[in-house]
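In what follows, a single structure is set out as structure tokens and then discussed.
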Amino acid sequence: MLQINANTPQVREYGVVPYMAFTADVQRVSELDQENTAEVLGFLSVRPVHTVVMTSFINDNGIVSELNRGKFFGYRNSQGVLEGVALIGHSTLVEARTEAAVRALAMIARNSETPIHLIMSSGDAAQTFWNYLSNGLSQPRLTCVERLFEAAFPFMVQGTDTGLRLAEAGELIAVAEAQAEVAFIESGVDPMLKDREGFLRRVARRIEQGRIFVVFDGDKLVFKADIIAETEDVAYLEGVYVGAEYRGKGIGPKCLSAMTVELLSRVSNVCLLSNVDFSSAHRSFEKAGFRSSDECTTLFV
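For reference, each letter of the sequence shown is one residue, going 16 to 316 in our numbering.
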């Protein structure tokens, strides 16, 4: 995921341009370490919804950790003040507030030790970053426009007697297979086939962290949703899944609503992203009490 401040005037102005015409000041970029934690979290806190994933990674794993599947970098202006922070790796996340920061961080990403799998941003800023990264000479494998949905109090609560609970370790395979189905629909890649061991390990860790909610009917998985990232202010959800035989019965909105009510007892905002083409899912989210607030772009590279 790439998170760039799409309201940066220069990002809006340049769009797709001959990126070779710009010289990136990569000397202002440095790899970040634990000593930078407080400064970086302060920088990210300005836009808590848009930076929830990076903030959660730092809180969960630390700035330097193999669990981040990449490295954090910072771009500073001539006064030494942060203007951009990026996690460059498997999922590339960037909060860049100036054109110079976007450009320089993209140049650094060209030499990422971890292959970049996807990039995400609000608006079309991901494409701008990608054009700097690729020098405008290639296109990503897949481009998806997604709607950002948010829920906060006051919240229209549905009936919450759903049997919703946290997933257990013994339910790993059922949960992972459901998540893999969602991932395949979104990206065209089945993580259970591409990297089964690594994928199961990551899902198991999320279960251990208490970040996957489920509803079962006997041994059948009815509903699942993952908290991908959580901070003091925001919980970011992915992998919302309803079993095939339970779809179209109003079960999904009730389960998602129940999960959201629980999360809003500890955060002020719950958010998720959904492909603009998934209109039936959007109706389900709206019934659960979410509202569409923005659009984002995801590039699978």
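C-beta: ideal position from N, C-alpha, C; glycine also.
Exercise. What's the gap between the Cα of Glu161 and the Cα of Ala296?
Worked result: Rounded to whole angstroms, Glu161 to Ala296 spans 12 angstroms at the Cα level.
For this session: Output the boundary residues of the alpha helix (DSSP H) element that contains Asp75.
Result: First-last of the alpha helix (DSSP H) with Asp75: 67 to 76.
Exercise. Who are Ala240's beta bridge partners in DSSP?
Worked result: DSSP lists Phe228 as partners of Ala240.
Problem set entry | Cβ pair count under 8 angstroms reaching 3, the segment 97 to 115 against the segment 123 to 141 | Contact holds: three or more Cβ-Cβ distances are below 8 angstroms.
Exercise. Looking at Glu98 and Arg84, is the spacing between their C-beta atoms short of 8 angstroms?
Worked result: It is not a contact, given that the beta carbons lie outside the stated cut-off.
Problem set entry | Bounding residues of the beta strand (DSSP E) (the contiguous stretch that carries Lys86) | DSSP places Lys86 in the uninterrupted beta strand (DSSP E) bounded by 85 to 91.
For this session: Consider the C-beta atom of Lys209 and the heavy atoms of the ligand GDP; say whether any pair is separated by less than 7 angstroms.
Result: Judged by which ligands are present, the structure shown has none, so any question about the ligand GDP falls away.
For this session: Flag this pair as yes or no: are the beta carbons of Tyr256 and Lys269 separated by less than 8 angstroms?
Result: Not a contact, by the Cβ cut-off of 8 angstroms.
Exercise. Which residues mark the beginning and the end of the beta strand (DSSP E) in which Thr52 is found?
Worked result: Boundaries for Thr52: no beta strand (DSSP E) harbours it, while the alpha helix (DSSP H) harbouring it runs 52 to 59, taken from the DSSP string.
For this session: Give the straight-line distance between the Cα atoms of Arg298 and Arg91, rounded to the nearest whole angstrom.
Result: So the two alpha carbons sit approximately 43 angstroms from each other.
Exercise. What are the start and end residues of the beta strand (DSSP E) that includes Met274?
Worked result: For Met274, there is no enclosing beta strand (DSSP E); the residue is part of the alpha helix (DSSP H) that begins and ends at 266 to 278.
Exercise. Leaving out five residues before and five after Asp40 in sequence, what residues of the same chain have Cβ atoms less than 7 angstroms from its Cβ?
Worked result: Only Ala115, Ala119 meet the Cβ criterion.
Exercise. Within 10 angstroms of its Cβ, does Ile200 collect 16 or more other Cβ (buried), or is it exposed?
Worked result: So Ile200 counts as exposed.
Problem set entry | Of the residues Phe228, Glu260, Gly265, Leu279, the one placed nearest Thr246, counting alpha carbons only | Ranking Phe228, Glu260, Gly265, Leu279 by CA distance to the CA of Thr246 puts Leu279 first.
Problem set entry | Anticipated Cβ contact below 8 angstroms, Val249 with Val64, distance rounded | At roughly 5 angstroms, the Cβ-Cβ gap stays under 8 angstroms, so Val249 and Val64 are in contact.
Exercise. What are the partner residues of Glu310, as DSSP defines its beta bridges?
Worked result: For Glu310, which the question treats as bridged, DSSP gives the partners Arg162.
For this session: Evaluate Ser47 with the Cβ neighbour count: other Cβ atoms within 10 Å of its Cβ, from every protein chain shown; 16 or more gives buried, anything less gives exposed.
Result: The identity of residue 47 in the sequence shown is Leu, whereas the question assumes Ser. When all chains shown are included, Leu47 counts as buried.
Exercise. Do Ile242 and Arg217 come within 8 angstroms of each other at the CB atom, strictly closer than that value?
Worked result: Taking 8 angstroms as the cut-off, the beta carbon of Arg217 is found no closer than this to the beta carbon of Ile242.
For this session: Could you tell me which uninterrupted beta strand (DSSP E) segments, each at least 3 residues in length, are contained entirely in the segment 184 to 236, listed from first to last along the chain?
Result: List check, beta strand (DSSP E) in window: 227 to 232.
Problem set entry | Closest Cα partner of Gly95 within the set Glu81, Asn51, Phe293, Ser137 | When each option's Cα is compared against that of Gly95, the closest is Asn51.
Exercise. Hey, how far is the Cα of Gln154 from the Cα of Arg125?
Worked result: Distance between the alpha carbons of Gln154 and Arg125: 15 angstroms.
For this session: Could you tell me the distance, in whole angstroms, from the CA atom of Asp292 to the CA atom of Cys159?
Result: Roughly 9 angstroms separates the two Cα atoms.
Problem set entry | C-beta contact flag for Gly304 and Met171 at 8 angstroms | Contact flag set, yes.
Exercise. In whole angstroms, what is the alpha-carbon distance linking Leu187 and Ile123?
Worked result: The straight-line gap from Cα to Cα measures roughly 37 angstroms.
For this session: Count the other C-beta atoms from every protein chain shown that fall within 10 angstroms of the C-beta of Gly263, then say buried if there are 16 or more, exposed otherwise.
Result: Exposed is the call here.
For this session: Answer with buried or exposed for Ser308, where buried requires no fewer than 16 other C-beta atoms within 10 angstroms of its C-beta.
Result: Burial call: exposed.
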